[in-house]
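Going by full-length UniProt numbering, the residue at position 46 of the sequence shown is 46; the numbering climbs one at a time, nothing skipped. In this text, a Cβ means the ideal position worked out from N, Cα and C, and glycines have one as well. Everything below concerns the one structure shown next.
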Amino acid sequence: MITMTNVTKTYKTGDVETYALKDVNLTIEEGEFVVILGPSGSGKSTLLNVISGLDTVTSGEIIFRGETLTNLDEDEMTAFRRKHLGFIFQQYNLLQNLNVYENIQIGSDIGTAPLDIADLLEKVGLEKARDKYPSQLSGGEQQRVSIVRSLAKNPDIIFCDEPTGSLDEENSKKILQLLQNLNEDYNKTVIVITHNLGIAEMADKVIKMNSGQIKEVTLNKVKKNAQDISWG
Ligand SMILES: Nc1ncnc2c1ncn2[C@@H]1O[C@H](COP(=O)(O)OP(=O)(O)OP(=O)(O)O)[C@@H](O)[C@H]1O
Numbered sequence: 001m002i003t004m005t006n007v008t009k010t011y012k013t014g015d016v017e018t019y020a021l022k023d024v025n026l027t028i029e030e031g032e033f034v035v036i037l038g039p040s041g042s043g044k045s046t047l048l049n050v051i052s053g054l055d056t057v058t059s060g061e062i063i064f065r066g067e068t069l070t071n072l073d074e075d076e077m078t079a080f081r082r083k084h085l086g087f088i089f090q091q092y093n094l095l096q097n098l099n100v101y102e103n104i105q106i107g108s109d110i111g112t113a114p115l116d117i118a119d120l121l122e123k124v125g126l127e128k129a130r131d132k133y134p135s136q137l138s139g140g141e142q143q144r145v146s147i148v149r150s151l152a153k154n155p156d157i158i159f160c161d162e163p164t165g166s167l168d169e170e171n172s173k174k175i176l177q178l179l180q181n182l183n184e185d186y187n188k189t190v191i192v193i194t195h196n197l198g199i200a201e202m203a204d205k206v207i208k209m210n211s212g213q214i215k216e217v218t219l220n221k222v223k224k225n226a227q228d229i230s231w232g
């Protein structure tokens with residue numbers, strides 16, 4: 001689905017050149033659950049940013065379903081992102097003056113074949129919260145709304161940067177369960193960046209990064225259910 005070939009990304013600050021990515025080669029299959037691990041500064045966010053076109057590569061090639069993303073101009077890349085990608089970040093970024101349903105509608109309006117909002121709300125146990133405002137919800141609930149918003153447009157790939165961040169185990173596992181269901185029931189490709197080693201137990205493919213390079217790629221023969229992964 002995604003192939004990265006010899007991808008390098010450097011940042012120049014004054015005379016100093018930093019390799020955020022150094023000659024990265026990687027394949028991500030359709031419907032795969034991928035977890036990217038690595039210490040702070042190892043290049044995880046940069047990897048996500050170049051795949052999603054939020055940042056350009058210095059050299060190398062990225063191909064998505066036969067289309068060379070690294071040849072697209074900014075407008076084409078924005079269109080690609082809107083059509084195919086969903087993002088889940090630590091910050092919820094919900095609009096405070098819109099209720100749950102309306103917040104999610106912002107996401108589904110972008111999609112050409114959006115998923116049913118009521119259906120998604122039921123999947124995350126928030127069917128009763130559709131008319132509530134963000135300030136009336138807990139942090140975990142807000143996170144679930146923000147996740148539903150990014151999923152409502154029906155993206156092919158879901159990118160998650162520390163999706164469970166500051167949430168406790170129970171709320172984190174609810175979110176991970178949702179990601180697992182989307183991966184399994186809707187065949188969505190899920191790519192999660194995390195420091196939490198337990199999440200790697202849910203993955204098909206675990207990528208370990210260090211100093212801008214992929215140091216190890218492991219395929220899990222057995223995947224754990226979100227509820228059963230190790231924690232803390
Ligand atoms: N805009 C930028 N300008 C200069 N250097 C940058 C920039 N963005 C990232 N870097 C550098 O590139 C390297 C990789 O950064 P990146 O954010 O990808 O790491 P990360 O693994 O996601 O870290 P974290 O886990 O802390 O989020 C780091 O050395 C970082 O300082």
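Asked	Found
Ligand 1 and K44: does the residue's C-beta get closer than 7 Å to at least one heavy atom of that ligand?	yes
Would you give the residue range spanned by the alpha helix (DSSP H) that E76 belongs to?	74-84
Quick check on Q227: does DSSP put it in helix, strand or coil?	helix
Starting from the C-beta of I106, find all residues in its chain whose C-beta is less than 8 Å away, skip the five residues before and the five after it, and write them out in chain order.	L95, L98, R149
Taking the alpha-carbon positions, what's the T5 to V34 distance?	18 Å
Within a Cβ cutoff of 6 Å, which residues of the same chain sit near P114, ignoring the five residues on either side of it in sequence?	S108, A152, K153, N154
Around the C-beta of G38, are 16 or more other C-beta atoms found within 10 angstroms, so that it is buried, or is it exposed?	buried
Can the beta-carbon of I214 be found less than 8 Å from the beta-carbon of L26?	yes
Please report the distance separating the alpha-carbon of K121 from that of Q142.	Per the sequence shown, the amino acid found at residue 121 is Leu instead of Lys. If you take the alpha carbons of L121 and Q142, they lie about 12 Å apart.
Specify the secondary structure class of residue 234 as computed by DSSP and reduced to three states.	Nothing about residue 234 can be reported from this structure: the residues present for the chain run from 1 to 232 only.
Where does A20 sit, in a helix, a strand or coil, going by DSSP?	strand
Give the DSSP-derived three-state secondary structure of M202 in the structure shown.	helix
Along the chain, where does the beta strand (DSSP E) that runs through V57 open and close?	No beta strand (DSSP E) holds V57; DSSP gives it neither H nor E.
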